[in-house]
Every structure is written in structure tokens, then in C-alpha cells.
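In the working numbering, the protein residues as written are 2 to 174.
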Amino acid sequence: MKCERLRRPVARLAFLIGTAAIGFAVAAPAQGEPLWPGGPDIPGVPPLIAPPPPAPVVAPCTEPRARGCMRLSTNEAWLMDNGKVTYGPTPISHGRAGFRTRAGVFDVDFKREDHWSTMHHVWMKYAVFFDGDIATHIGPIEEESHGCIRMTPDGAREFFYYLEPGDIIEVVP
Numbered sequence: 002m003k004c005e006r007l008r009r010p011v012a013r014l015a016f017l018i019g020t021a022a023i024g025f026a027v028a029a030p031a032q033g034e035p036l037w038p039g040g041p042d043i044p045g046v047p048p049l050i051a052p053p054p055p056a057p058v059v060a061p062c063t064e065p066r067a068r069g070c071m072r073l074s075t076n077e078a079w080l081m082d083n084g085k086v087t088y089g090p091t092p093i094s095h096g097r098a099g100f101r102t103r104a105g106v107f108d109v110d111f112k113r114e115d116h117w118s119t120m121h122h123v124w125m126k127y128a129v130f131f132d133g134d135i136a137t138h139i140g141p142i143e144e145e146s147h148g149c150i151r152m153t154p155d156g157a158r159e160f161f162y163y164l165e166p167g168d169i170i171e172v173v174p
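#1: Among the candidates Val-123, Ala-98, Arg-68, whose CA atom is the shortest distance from the CA of Val-109?
#2: Label Gly-89 either buried or exposed according to how many other C-beta atoms from any shown protein chain fall within 10 Å of its C-beta, with 16 as the threshold for buried.
#3: How long is the line joining the alpha carbons of Ala-29 and Pro-44, rounded to whole angstroms?
#4: Note the first and the last residue of the continuous alpha helix (DSSP H) segment covering Asp-134.
#5: What is the rounded straight-line gap between the Cα of Val-129 and the Cα of Arg-113?
#6: What are the start and end residues of each continuous beta strand (DSSP E) run of 3 or more residues lying completely inside the stretch 52–134, in chain order?
#7: Can you tell me whether Ser-74 is buried or exposed, with buried defined as 16 or more other CB within 10 angstroms of its CB?
#8: Please state whether DSSP places Glu-171 in a helix, a strand or coil.
#9: Going by the CB atoms, is the gap between Phe-111 and Gly-148 shorter than 8 Å?
Below you can see the structure in the form of C-alpha cells.
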């Protein structure tokens with residue numbers, strides 16, 4: 002009789018512990034795909050096989066002083082510091098037939114946060130002029146321009162605040 006009285010609380014305790022364990026298992030946060038053969042991802046335990054570090058972003062420009070880099074063939078632009086990418090790639094568009102954007106190495110002439118184009122009668126927000134009347138600025142990247150580099154709002158803003166007059170921009174084909 003005494004043994005039976007001791008078994009009941011032990012059985013109840015085992016039942017409660019089992020129920021709690023199931024509750025914790027159900028309430029555990031969702032995990033990503035398991036990393037095999039290293040085993041499943043367990044919270045707080047590093048994987049046995051770490052994922053490789055991301056490859057560094059490399060821009061195609063070769064001018065060592067370039068602070069801005071643009072590649073026309075892929076419609077991409079980067080900001081640089083001592084040959085290292087600090088921002089990008091960001092999508093761009095460039096000049097259409099008859100108004101092609103020139104490739105080359107240019108210096109930033111001036112910049113205007115809100116510039117009105119008297120030639121095309123449009124606002125050029127975050128305009129950075131680097132080749133005469135050619136500038137980077139916000140514009141629809143889905144269509145080609147009259148020579149300017151059109152950028153997304155984020156890209157144009159980053160270029161505007163990063164580049165200063167006298168900085169070098171390289172444009173590659």
C-alpha cells in the first residue's frame with residue numbers, strides 16, 4: 002500500500018514534466034532550414050558547419066581616386082572609398098540613342114538638392130553634375146534619359162550626400 006501511494010505522485014510528476022516539455026517544444030521559435038550534415042540548427046548552439054562569409058562587392062572601375070563608379074552595360078552604380086565599395090550596386094538608367102552618356106573619368110562640378118532643368122523642364126532632385134550638364138539624380142530607371150544618370154530615390158540621395166565637388170566619378174561602358 003505504501004509503495005502504491007508513492008507511485009501516484011511520481012506518475013503525476015512525470016506526467017506534468019512531459020506535458021511541460023511538449024508545451025516548450027510547441028512554443029519554440031521557428032527555425033530556418035537545418036544545416037546538414039552539421040545537424041539541425043539549435044537555438045544558442047553554433048552550427049557545426051558555418052556558412053561561408055558573403056563575397057565582397059567589387060565595382061568595375063579602375064581609377065584609384067574614383068568615389069563614384071557607374072557601369073552603363075549593366076545599369077549599376079557604386080560609391081567607393083580607396084578602391085572599396087561603400088554603397089551599391091544601385092540600379093541606374095542612362096542616355097538613349099542620340100543622347101548617350103559618355104564613358105570616362107570626370108570630376109564632380111557642383112551639386113544641387115533641388116535643381117530645375119531649363120532644358121527639359123523637370124525637377125532634378127539630388128542632382129550631382131559631373132560632365133557639363135550631365136548629372137546623377139532621381140528619375141525613372143525604367144526608361145533612358147537625355148544623357149543623365151537616373152537613379153532610385155535612395156541611390157540618388159546616397160550619391161548626393163557622399164560626393165563633393167572635386168570628387169572623381171568613373172563611368173565605364
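In this text, a Cβ means the ideal position worked out from N, Cα and C, and glycines have one as well.
For this structure:
#1: Position 108 of the sequence shown, counted from the first residue, corresponds to residue 109. Measuring from the Cα of Val-109, the nearest candidate turns out to be Arg-68.
#2: Within the sequence shown, numbered from 1, the residue matching residue 89 stands at position 88. Burial call: buried.
#3: Reading the sequence shown from its first residue, position 28 is the one you call residue 29. Reading the sequence shown from its first residue, position 43 is the one you call residue 44. Because the pLDDT at Ala-29 is just 49, under 50, the model does not fix this residue reliably, and the value given afterwards should be weighed accordingly. Distance between the alpha carbons of Ala-29 and Pro-44: 9 Å.
#4: Taking the sequence shown and counting its residues from 1, the one referred to as residue 134 is at position 133. It is not in any alpha helix (DSSP H) - Asp-134 carries neither H nor E in the DSSP assignment.
#5: Within the sequence shown, numbered from 1, the residue matching residue 129 stands at position 128. Within the sequence shown, numbered from 1, the residue matching residue 113 stands at position 112. Those two C-alpha atoms are separated by around 7 Å.
#6: 67–72, 77–82, 85–94, 105–108, 111–118, 123–132
#7: The residue you call residue 74 lines up with position 73 of the sequence shown. Exposed, because fewer than 16 other Cβ atoms sit within 10 Å of the Cβ of Ser-74.
#8: For the purposes of this step, residue 171 is taken as residue 170 along the sequence shown, with counting starting at 1. Correct three-state label for Glu-171: strand.
#9: For this step, residue 148 is matched to residue 147 along the sequence shown. For this step, residue 111 is matched to residue 110 along the sequence shown. Cβ atoms of Gly-148 and Phe-111: not closer than 8 Å.
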